[in-house]
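> To get our numbering, take the position in the sequence shown, counting from 1, and add 18.
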Amino acid sequence: AAAAGGSLAPEPMPSYEQLVRRSYRSLVGALRSCTDCGWELSRRTWAENARLAWTEALLFLLCAAGWTLARRAASRYLFRPVAEWCQLPPKDAAKMPESAWKLSFYIISWLYGTYLLFFAGYPFFHDPPSVFYDWERGMEVPLDIVLAYLLQGSFYAHSIYATLYMDAWRKDSVVMLIHHVVTLTLIVFSYIFRYHNIGILVLFLHDFSDIQLEFTKLNVYFKYRGGIYHRLNDTISNAGCVSFSISWFWFRLYWFPLKVLYATCHTSLQSVPNIPFYFFFNVLLFILTLMNIYWFLVSKGLLSEATSGKPEKASKQLKISCEARTCAVR
């Protein structure tokens, strides 16, 4: 039965075995009970549950444009001058502004997510099933969560433009675009259907690794300054790749499935038996999980190589992997 917000003690976090077994049972049960699934049901569900004011959409687009202008200004007047002053090699100087910009955003975003989950009175981190307590179609979204969604959603809309027209084009840029589209779809649709509580938790669990990623990349770029090798930056970048992989597992492969997927696949149906677009959102979240697993296996293999007598090759590949993983899920 659905619990009133905060009326029951938090449910203990499940094991992986409980996650798989209970989620499978819930997914199969929902599929069997959906006798009229199809286009007509989707159209009717959209009409009955979707809520987005035109003023919200306009503000979203304006903020996306604002991010683009802010990045151009920061790169021109701050990041590039710093790269020139530090006498970075041309190749690294060209990449440094992009990482500095992303690091700045992820720090702000993660700190705000930390505030929401640990200091604003929301119980979602310690009690993930509570994200669906008292859910109602068209329910009012608290202003502090609206700001988080505006911050993240507009940034990812900007990121699609930035990948196409501002960032250096890489071999994984197509995957990067797909990632941004999937992420933006989750953000926008979770807001429209008032799944904002679980959205805040998802974003928080994916931001921390990106802070480590961009910080590590910056230390790679600053390893040579003025033609002089700086061991400290090299050491930090090597340690950063290792800690990045550890945090990736803890946040994205431990907390994310056991907190988020368990709530969306299993306990959501207990609180809201006919929850709208149950399969749509869970499929997208499963895609994120698969991407997280893939990139973890890549880093794990490289770390194994680093400890089996090939440290120089592994170190180089780890740095390449860290840079490439900007296409991984946030």
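Heads up, the beta-carbon is just placed ideally off N, CA and C, and yes, glycines get one too.
Going by DSSP, what residues sit across from I311 in a beta bridge?
None, per the DSSP bridge assignment.
> Once the 5 residues before and after N67 are set aside, which same chain residues still bring their CB inside 7 Å of it?
Taken in chain order, the residues that qualify are R155, F211 and P294.
> Rank L236, L161, Y167 and L223 by C-alpha distance to the C-alpha of K113 and give the top, closest one.
The residue with the shortest Cα to Cα distance from K113 is L236.
> Could you name the residues of the same chain whose beta carbon sits closer than 7 Å to that of L121, not counting the 5 residues immediately before and after it, in chain order?
Result list for L121: I229, E232, F233 and L236, in chain order.
> From the DSSP secondary-structure annotation, give me the bridge partner or partners of R243.
Answer is I246.
> Which same chain residues, not among the five before or five after H248, have their C-beta less than 8 Å away from its C-beta?
If we look at H248 and ignore the five residues flanking it on each side, its Cβ neighbours are F240, K241 and Y242.
> For L271, which residues of its own chain have a beta-carbon under 7 Å away from its beta-carbon, when the five flanking residues on both sides are left out?
For L271, where only same-chain residues beyond five positions count, the Cβ hits under 7 Å are N310, I311 and F314.
> So, with DSSP's three-state summary, where would you put E116?
Residue state, collapsed to three classes: helix.
> Given a cut-off of 7 Å, decide if F142 and V149 are closer than it, judged by their beta-carbon atoms.
Taking 7 Å as the Cβ cut-off, V149 and F142 qualify as a contacting pair.
> Exposed or buried, A138, counting other C-beta atoms within 10 Å across all chains shown (16 or more means buried)?
When all chains shown are included, A138 counts as exposed.
> Given 6 Å as the limit, tell me if S265 has its C-beta closer than that to any heavy atom belonging to the ligand MG.
Within the structure as shown, the ligand MG is missing, as the structure has no ligands at all.
> Tell me which same chain residues have a C-beta within less than 6 Å of the C-beta of D252, skipping the five on either side of it?
Cβ within range, chain order: K241.
> Short check: CB of F226 to CB of W128, under 7 Å?
The answer is yes: Cβ separation under 7 Å.
> Considering only their Cβ atoms, is the gap separating W119 from R89 smaller than 7 Å?
For R89 and W119, yes; Cβs fall inside 7 Å.
> Which one of L49, T53 and Q170 has the shortest CA to CA distance from I218?
Ranking the options by Cα distance to I218, first place goes to Q170.
> Rank R62, S177 and R69 by C-alpha distance to the C-alpha of L79 and give the top, closest one.
Taking only the C-alpha atoms, the option nearest L79 is S177.
> Where does S255 sit, in a helix, a strand or coil, going by DSSP?
Note: S255 maps to helix in three-state DSSP.
> Within a Cβ cutoff of 6 Å, which residues of the same chain sit near S93, ignoring the five residues on either side of it in sequence?
Only P115 meet the Cβ criterion.
> Are Y151 and S289 close, meaning C-beta to C-beta below 7 Å?
Yes, these two residues count as a Cβ contact at 7 Å.
> Taking the beta carbon of T325 as the centre, do at least 16 other beta carbons fall within 10 Å, making it buried, or is it exposed?
With a pLDDT of only 45 at T325, under 50, the local geometry of the prediction cannot be trusted, and the value read off the model is given with reservation. Under this definition T325 is an exposed residue.
> Less than 7 Å between the beta carbons of T181 and L204, yes or no?
Cβ distance not < 7 Å, so T181 and L204 don't count as in contact.
> Under the assumption that P146 contacts Y280 (Cβ atoms under 8 Å), give the Cβ distance between them as a whole number of angstroms.
Yes, they are in contact, since the Cβ atoms of P146 and Y280 sit about 7 Å apart, within 8 Å.
> Could you tell me if C52 is buried or exposed, where buried requires 16 or more neighbouring beta carbons within 10 angstroms of its beta carbon?
When all chains shown are included, C52 counts as exposed.
> So the candidates are V199, Y174, M157 and S33; which of them puts its Cα closest to the Cα of L302?
Cα-wise, what sits closest to L302 is V199.
> Can you give me the start and stop residues for the alpha helix (DSSP H) that S286 sits inside?
Per DSSP, S286 belongs to the alpha helix (DSSP H) from S286 to S289.
> Assuming P134 and A166 make a contact with CB atoms under 8 Å, what is their CB distance in whole Å?
Per the sequence presented here, residue 134 reads as Leu, with Pro not at that position. About 6 Å; that satisfies the 8 Å criterion.
> With a 10 Å radius around its C-beta and 16 neighbouring C-beta atoms as the bar for buried, classify E35 as buried or exposed.
Classification for E35: exposed.
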